[in-house]
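Q:
In the UniProt record's numbering, the protein residues as written are 1 to 345.
#1: Ordered along the chain, which non-local residues of its own chain (more than five positions away) have a Cβ less than 8 angstroms from that of residue 207?
#2: From residue 225 to residue 210, what distance separates their C-alpha atoms?
#3: Does the Cβ of residue 131 have 16 or more other Cβ atoms within 10 Å, making it buried, or fewer, making it exposed?
#4: Tell me whether residue 20 sits in a helix, a strand or coil according to DSSP, three-state version.
#5: Identify every run of the beta strand (DSSP E) within the segment 74-122, keeping only runs that are complete inside it and at least 3 residues long; order them along the chain.
#6: Step through the CB atoms of chain B and report whether any lies within less than 8 angstroms of the CB of residue 122.
#7: Might you give, ordered along the chain, the residues of its own chain that have their beta carbon closer than 8 angstroms to the beta carbon of residue 361, omitting 5 neighbours on each side?
#8: Does the beta-carbon distance from residue 142 to residue 75 come in below 8 angstroms?
#9: Measure the Cβ-Cβ separation of residue 48 and residue 57 and say whether it is below 8 angstroms.
#10: Taking only three categories from DSSP, how would you classify residue 332?
#11: Does residue 114 pass the burial test, meaning 16 or more other C-beta atoms within 10 Å, or should it be called exposed?
#12: Would you say the beta carbon of residue 168 is closer than 7 angstroms to some non-hydrogen atom of the ligand ADP?
#13: Which residue comes first and which comes last in the alpha helix (DSSP H) that contains residue 303?
#14: Can you give the Cα-Cα distance for residue 338 and residue 330, rounded to whole angstroms?
#15: Could you tell me which residues DSSP puts in a beta bridge with residue 69?
#16: Ends of the beta strand (DSSP E) at residue 290?
#17: Does the Cβ-Cβ distance between residue 124 and residue 51 come in under 8 angstroms?
#18: Taking only three categories from DSSP, how would you classify residue 229?
#19: Report the rounded CA-to-CA distance for residue 37 versus residue 182, giving the unit in angstroms.
#20: If you drop the 5 nearest sequence neighbours on each side, which residues of the same chain put their C-beta closer than 6 angstroms to that of residue 60?
#21: Once DSSP output is grouped into helix, strand and coil, what is the label at residue 157?
Right under this line is the structure:
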């Protein structure tokens, strides 16, 4: 695809081609020759950016200081970035920017939900971009990160060189209904454990019941609720059962509390707003990666996005659920970042 806005240097013929049909071919999903994560790296710079409303944003820069800028939008909301996020990019080619969204990870106040909204996060990202002196960057986000990526691209399309989005969550009413009720069709025992944390009389509104506990000042109450929430989400994230060690991790209060807060407020966007905003950034090159058996964010969301954004490339991994670490997902994400290495920052 020729680039009318000169975003591409010498892009291969197939790198920005029109959307192709979703494929169930497993060629790039887990075989020995498939692209895999790059080796672990450490940041070459880090800092803490003051935000509005008393929040702070820890950030780090990795890879090549003179490379193509790329920014990672972590999931949750509230999950925070990890060292693994650095490894989806060629460190020789990319200047990789990681940051924790307000209240998440190492951001302070930890697990804060006051003045924590989608528009505020978009505002924070622009503050970071200006602080770093970056004109345009590749946006990389999965799950909630895909939601935030779409919202950011709609608000600031001029800042986006490309979008690489995984595990699409459009935060439609049916997506929330699925999370709290639909998943039980496939994982009834996991759902039963999740619901069992709430007295039967309150189970008519599981989200409200969990949010009350997650915001309770008593650590015994909010940490127990966070653990039940976290276990449910972890169990449902992968095609194959997770390693028991993952379920033994300490509860991630910031993720559970902020997720529940955003869900209760329909992520602070109108119904259908994300899909309706696609025309604002349809000219931006994009790749959509989604697991066929994603139980947290069903694949119909990715297909709906691809239909609204036919210029993007939709890739459905036939052997994966939701997690970015599943072979069929991670190989496609690395292939996408490799393909966009030729973009001009």
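For each residue, glycine too, the CB sits at the ideal point set by N, CA and C.
A: Let me lay it out:
#1: As a first step, residue 207 must be located in the chain shown, where it is residue number 207. Cβ neighbours of residue 207 beyond the five flanking positions: 176, 180, 260, 263, 264.
#2: Against the chain shown, residue 225 aligns to sequence position 225. Against the chain shown, residue 210 aligns to sequence position 210. If you take the alpha carbons of residue 225 and residue 210, they lie about 7 angstroms apart.
#3: Taking the chain shown and counting its residues from 1, the one referred to as residue 131 is at position 131. Residue 131 is exposed by the Cβ-count criterion.
#4: On the chain shown, position 20 is the one that residue 20 refers to. Confidence is the limiting factor: at residue 20 the pLDDT is only 24, short of 50, which leaves the residue's position unreliable, though a coordinate-based value still follows. Three-state result, residue 20: coil.
#5: 94-99
#6: The structure shown contains no chain B, having only a single protein chain.
#7: In the structure as shown, the chain begins at 1 and stops at 345. Residue 361 is therefore absent and cannot be evaluated.
#8: Counting from 1 along the chain shown, the entry for residue 142 is found at position 142. Counting from 1 along the chain shown, the entry for residue 75 is found at position 75. Taking 8 angstroms as the Cβ cut-off, residue 142 and residue 75 qualify as a contacting pair.
#9: Indexing the chain shown from 1 puts residue 48 at position 48. Indexing the chain shown from 1 puts residue 57 at position 57. A contact, by the Cβ cut-off of 8 angstroms.
#10: As a first step, residue 332 must be located in the chain shown, where it is residue number 332. Helix at residue 332.
#11: The count along the chain shown starts at 1 and reaches residue 114 at position 114. Classification for residue 114: exposed.
#12: With respect to small molecules bound, the structure shown includes none, and the ligand ADP cannot be examined in it.
#13: Your numbering for residue 303 matches position 303 in the chain shown. Per DSSP, residue 303 belongs to the alpha helix (DSSP H) from 300-308.
#14: In the chain shown, residue 338 corresponds to position 338, counting from 1. In the chain shown, residue 330 corresponds to position 330, counting from 1. For residue 338 and residue 330, the distance between alpha carbons rounds to 12 angstroms.
#15: Translated into positions along the chain shown, residue 69 becomes position 69. The partner list for residue 69 (beta bridge, DSSP) reads 95.
#16: The residue labelled residue 290 in the question sits at position 290 within the chain shown. Its beta strand (DSSP E) spans residues 286-291.
#17: Position 124 of the chain shown, counted from the first residue, corresponds to residue 124. Position 51 of the chain shown, counted from the first residue, corresponds to residue 51. Contact: yes.
#18: Numbered from 1 along the chain shown, position 229 holds the residue referred to as residue 229. Looking at residue 229 - three-state DSSP - the assignment turns out to be helix.
#19: Here residue 37 corresponds to residue number 37 of the chain shown, with the count starting at 1. Here residue 182 corresponds to residue number 182 of the chain shown, with the count starting at 1. Their backbone Cα atoms lie some 32 angstroms apart in a straight line.
#20: As a working mapping, residue 60 is identified with position 60 in the chain shown. Correct list, in chain order: 43, 46, 98.
#21: In the chain shown, residue 157 corresponds to position 157, counting from 1. DSSP places residue 157 in helix when its eight states are reduced to three.
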